[in-house]
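Report on the structure given below.
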Amino acid sequence: MLGELLRDGGVPPGVQVVALTGEAGSDALVERLRAAGVPVVRNLYGPTEATVFATGCTMPAAGTGRPWPLGEPGPGVRVRVVGPDGRLVPRGVEGELAIGGDGVGDGYPGRAALTAQRFVPDPYPARPGARLYLTGDRARWSSDGVLEYLGRRDHQVKIRGQRVELGEIEQVLATHPAVSAVYVVVLGEAPAQRLVAYVRPATRQAPAAKELSAFAERKLPAGWVPSAYVVLDEIPLTASGKVDRLRLPEPAEQERSDGTAVDARTPWTALERTLSGIWAEVLGLPTVDRQDNLFLLGGHSLSILRIRHRIAESVGHDVPVADFFAHPTVAELAARLAAGGPSQEPSA
1252 MLGELLRDGG VPPGVQVVAL TGEAGSDALV ERLRAAGVPV VRNLYGPTEA
1302 TVFATGCTMP AAGTGRPWPL GEPGPGVRVR VVGPDGRLVP RGVEGELAIG
1352 GDGVGDGYPG RAALTAQRFV PDPYPARPGA RLYLTGDRAR WSSDGVLEYL
1402 GRRDHQVKIR GQRVELGEIE QVLATHPAVS AVYVVVLGEA PAQRLVAYVR
1452 PATRQAPAAK ELSAFAERKL PAGWVPSAYV VLDEIPLTAS GKVDRLRLPE
1502 PAEQERSDGT AVDARTPWTA LERTLSGIWA EVLGLPTVDR QDNLFLLGGH
1552 SLSILRIRHR IAESVGHDVP VADFFAHPTV AELAARLAAG GPSQEPSA
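With my numbering, letter number 178 in the sequence shown gets 1429, and the count goes up by one each step, no holes.
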């Protein structure tokens, strides 16, 4: 909401303090608020189950590039970062954020099993019978004592065996100057899963998918770069202000991350069809387009070796590993092989 307010004219003059809450923000949003004349930006954190606000802090004057800080516990609040066994984890180690104290609720009416799962005994109680609420949020204490938000547990997913942090992808893309808000999801079923970023632009001129992809590639691991970007005037929200995933549109083919529109009129070469079939077989995908990037599809060192072997069997080309990095799409690699002919890599 604040991103939209800033995009359409800023905050009213005279506003001295803005408190952010509801979802993790970004350094870019804080900078835009300060540029609009707001001297103090606060971040407040806390779930309804702990009577809303549990921690808070004043954001630093300049972006730190670190995870979003949650601040200090409020009066009567106890904050723990715990492991799967419910015990405290050391500084620097990720765990689940748990909240105790006077604000913790009694549970969910009529849902005894869920209450028992989320409201648990406090192993370090300040008083007998005290409980903790397990928030489902991932956090850690930094080495200098700052409580840092690392995203939701349910935003930590695995794609083709690789752990992917959707929240970290969102944080990186949110630092792009042309992005006001971003939400990243996983679409499809294994093994044909892909990352899609839904972006609300900060200006009237929407950033191109190719620009966003290049930005992400500079800052994220290869397997974390979205394969498609969808620009929306508004990211749909539920009545409670959370992203309404059910109302997010499916990405169109022309929103491919490399910015290349697919032209169905251009005939495929025989070599492109062969390479596409090999990639699909090795990666476990139903289809692979001529402009799909091998690494954005989940390709890695082992799959490259398998693809090399299949290409050598099918068309007699011994493709150097470096060629897959220099020519990561079906179209590029096919053009390279057609132009250069079979190449022999030195034996180890």
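Don't be surprised by glycine CBs; every beta carbon is placed ideally from N, CA and C.
Out of the options, which one is the CA nearest neighbour of residue i?
i, options, result
"P1298", "Y1480, G1387, P1579 and P1372", "G1387"
"R1329", "L1348, R1317 and G1316", "L1348"
"G1474", "P1264, I1420 and V1494", "I1420"
"L1588", "A1521, Y1359 and H1427", "A1521"
"L1438", "Q1267, E1501, G1261 and M1252", "E1501"
"V1423", "G1276, L1584, P1264 and F1575", "G1276"
"H1551", "P1571, F1576 and R1338", "F1576"
"Y1375", "E1485, G1337 and T1538", "G1337"
"R1559", "G1549, A1573 and L1548", "A1573"
"G1260", "V1291, A1313 and A1286", "A1286"
I need the boundaries of the beta strand (DSSP E) containing residue i, first residue and last residue.
i, result
"D1388", "R1382 to W1392"
"A1473", "No beta strand (DSSP E) contains A1473, which DSSP labels as neither H nor E."
"S1431", "V1430 to L1438"
"G1591", "No beta strand (DSSP E) holds G1591; the alpha helix (DSSP H) holding it covers V1581 to G1591."
"F1304", "Here F1304 belongs to no beta strand (DSSP E), and DSSP marks it neither H nor E."
Any idea if residue i is buried or exposed, counting beta-carbon neighbours within 10 angstroms, 16 or more meaning buried?
i, result
"L1553", "exposed"
"R1541", "buried"
"P1477", "buried"
"F1466", "buried"
"E1416", "buried"
"R1283", "buried"
"M1310", "buried"
"W1431", "Residue identity check: residue 1431 is Ser in the sequence provided, not Trp. Buried, since its Cβ has 16 or more Cβ neighbours within 10 Å."
"G1334", "exposed"
"L1556", "exposed"
"L1373", "Just to set this straight, residue 1373 is Asp in the shown sequence, not Leu. When all chains shown are included, D1373 counts as buried."
"A1270", "exposed"
"R1391", "buried"
"V1513", "Its pLDDT being 38, under 50, V1513 is placed unreliably in this model, and the coordinates cannot settle the point."
"P1518", "exposed"
"T1306", "buried"
"G1591", "exposed"
"V1344", "exposed"
Below 7 Å CB to CB, which residues in the same chain sit around residue i once its five sequence neighbours on both sides are set aside?
i, result
"A1563", "D1569"
"R1317", "E1399"
"D1509", "The predicted position of D1509 is uncertain, since its pLDDT is 49 and thus under 50; no value can be drawn from it."
"S1565", "T1525 and I1529"
"R1455", "none"
"G1210", "Summary: the structure shown does not reach residue 1210, with the chain confined to residues 1252 through 1599, and so no result is reported for it."
I think residue i touches residue j, with their Cβ atoms under 8 Å apart; what is that distance to the nearest whole Å?
i, j, result
"G1327", "D1353", "4 Å"
"G1254", "A1531", "Not confirmed; about 39 Å, so no contact."
"S1436", "V1450", "In the sequence under discussion, the amino acid at residue 1436 is Val, which differs from the Ser named in the question. Not confirmed; about 12 Å, so no contact."
"P1579", "L1545", "5 Å"
"R1403", "G1418", "7 Å"
"D1494", "Y1434", "It is worth fixing the name first, because residue 1494 is Val in this sequence and not Asp. The Cβ separation is near 5 Å, so the contact holds."
"E1300", "G1356", "5 Å"
"L1385", "R1362", "Not really, about 15 Å apart at Cβ, beyond 8 Å."
"L1383", "G1358", "With 8 Å as the limit, L1383 and G1358 do not qualify as a contact, their Cβ atoms being about 12 Å apart."
Among residues of its own chain, excluding the 5 on either side of residue i, which ones have a beta-carbon nearer than 6 Å to its beta-carbon?
i, result
"C1308", "N1294, P1320 and G1322"
"R1498", "P1487"
"V1303", "G1297"
"S1393", "E1399"
Would you kindly report the start and end of the unbroken alpha helix (DSSP H) that includes residue i?
i, result
"G1418", "L1417 to A1425"
"E1532", "A1521 to L1534"
"V1566", "S1552 to V1566"
Can you find the residues in the same chain that come closer than 8 Å, C-beta to C-beta, to residue i, ignoring five residues on each side of it along the sequence?
i, result
"E1523", "R1541, V1581, A1582 and A1585"
"V1291", "Q1267, V1268, V1269 and T1309"
"V1289", "V1262, V1266, Q1267, V1268 and V1269"
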